[in-house]
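A short worksheet on the structure shown next.
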Amino acid sequence: MSKSLVVIGAQWGDEGKGKIIDILTEKADAVVRFQGGHNAGHTLVIDGDKTVLHLIPSGIFNDAKCIIGNGVVLHLPTLIEEIEYLESKGIDIQSKLMISSQCPLILPSHILIDEAREKSLGKNAIGTTGRGIGPVYEDKVARRALHVMDLFEKDLFKSKLTSLTAYHNFLLEELYESDGTDLEDTHKEWMGHFSKIKDLVVDSSKELNNLKLKQSNILFEGAQGSMLDIDQGTYPFVTSSSTLSG
């Protein structure tokens, strides 16, 4: 029978999850990030070498398979930067990392909306990281978000991006009196990013089920902390995802 273990923080983050996870991955067959985005980071020190990972599971330095699950929102430039850094350290990313096809994509417009909204709130600002996390989760819940799987169909991605860009630019220009984003630039840039990660994209539910059937040990790596949970945390001073295991 497979064993699943979930590591989450009991406070507002920075509880030392990364260190504990790094120890536990020695006995794990797979490590899974299941929520959040590049607003969270786990610091690892291996043989005196410090590494901070924002998206890729901490188990990447061990023999475990690493899965970025459906609940994670992806900023592709940050992901690619991490991949290239780890490859420069000799890590075989191609054989170890898997990315869910259902991960929502953080676009430049999400980041601009996040920044503009915080600025408009003045002294009542939430204190977000300004990385587009809240706006992309809003789009996910409203069923208008773009996902990794959309990138496999260039024309479909362009069509969906056109609609979403129009909506985002309306908010930026009319509500926040700020500059919007250029559709063509975003389309070209994100298709270029996709070419670098498309071979890593999988059906993560299928992969996890296969691991379970093989009686594998699976470690679920939480980001941030319980008190930042959108449902159970210190609302409204919380993140936009569920940081808990259920």
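The sequence shown begins at 14 in this note's numbering and counts up one residue at a time.
Positions of the beta carbon are idealized from the N, C-alpha and C atoms, including for glycine.
Spatial neighbours of residue i in its chain, beta-carbon cut-off 7 Å, leaving aside the 5 residues before and after
i, result
"Leu196", "Leu174, Thr175 and Thr178"
"Leu169", "Asp163"
"Leu125", "Leu185, Ser191 and Thr194"
Where residue i falls, given that 16 or more other Cβ within 10 Å makes a residue buried
i, result
"Met14", "Confidence at Met14 is low in this model, with a pLDDT of 49, below 50, so the placement of that residue should be treated as unreliable; the coordinate-derived value is given next. The residue is exposed, with fewer than 16 neighbouring Cβ atoms inside 10 Å."
"Gly22", "buried"
"Ala43", "buried"
"Val65", "exposed"
"Leu134", "exposed"
"Lys109", "buried"
"Thr247", "exposed"
"Gln48", "buried"
"Phe254", "Per the sequence shown, residue 254 should be read as Ser rather than Phe. Flag for Ser254 reads buried."
"Gln245", "exposed"
"Gly145", "buried"
"Lys105", "In the sequence as displayed, the identity of residue 105 is Asp instead of Lys. Exposed."
"Glu234", "buried"
"Asp127", "buried"
"Asp60", "exposed"
"Ser217", "buried"
Reference residue i; option with closest CA among the options
i, options, result
"Ile220", "Leu99, Ile73, Ile81 and Ala138", "It should be noted that the sequence gives Glu, not Ile, for residue 220. Looking at the Cα atoms, Ile81 is the closest of the given residues."
"His206", "Lys32, Phe165 and Glu131", "Phe165"
"Ala155", "Trp25, Ser229, Tyr180 and Lys102", "Tyr180"
"Asn137", "Val20, Pro249 and Glu100", "Pro249"
"Lys211", "Gly26, Glu97 and Ile112", "Ile112"
"Leu188", "Val20, Lys132 and Asp216", "Lys132"
Own chain residues within Cβ distance below 8 Å of residue i, not counting five before or after
i, result
"Leu68", "Arg46, Gly50, His51, Ile81, Val85, Leu87, His88, Thr91, Leu92 and Glu95"
"Val251", "Met240, Leu241, Asp242 and Ile243"
"Met162", "Ser114, Gln115 and Val214"
"Ser7", "No information on residue 7 is available, as it lies outside the stretch 14 to 259 that the chain covers here."
Straight-line Cα distance separating residue j from residue i
i, j, result
"Leu232", "Lys171", "36 Å"
"Asn83", "Ser114", "7 Å"
"Thr256", "Gly143", "18 Å"
"Glu190", "Lys153", "24 Å"
"Asp62", "Glu28", "20 Å"
"Asn222", "Trp203", "30 Å"
"Leu18", "Pro70", "14 Å"
"Gly103", "Arg130", "41 Å"
"Glu97", "Cys79", "16 Å"
"Ile33", "Ser229", "19 Å"
"Ser208", "Val20", "32 Å"
"Asn182", "Gly26", "33 Å"
"Leu99", "Val58", "14 Å"
Own chain, CB closer than 6 Å to residue i, minus 5 neighbours either side, in chain order
i, result
"Thr56", "Gly31 and Val65"
"Ala236", "Gly49 and Ala53"
"Gln24", "Gly238 and Met240"
"Gly140", "none"
Could you check whether the stretch 114 to 125 touches the stretch 146 to 160, counting it as contact only if at least three pairs of C-beta atoms, one from each stretch, sit closer than 8 Å? yes
Can at least three beta-carbon pairs, one atom from the stretch 70 to 77 and one from the stretch 27 to 44, be found at a separation below 8 Å? yes
Counting pairs of Cβ atoms below 8 Å between the stretch 186 to 204 and the stretch 239 to 256, do you hit three or more? no
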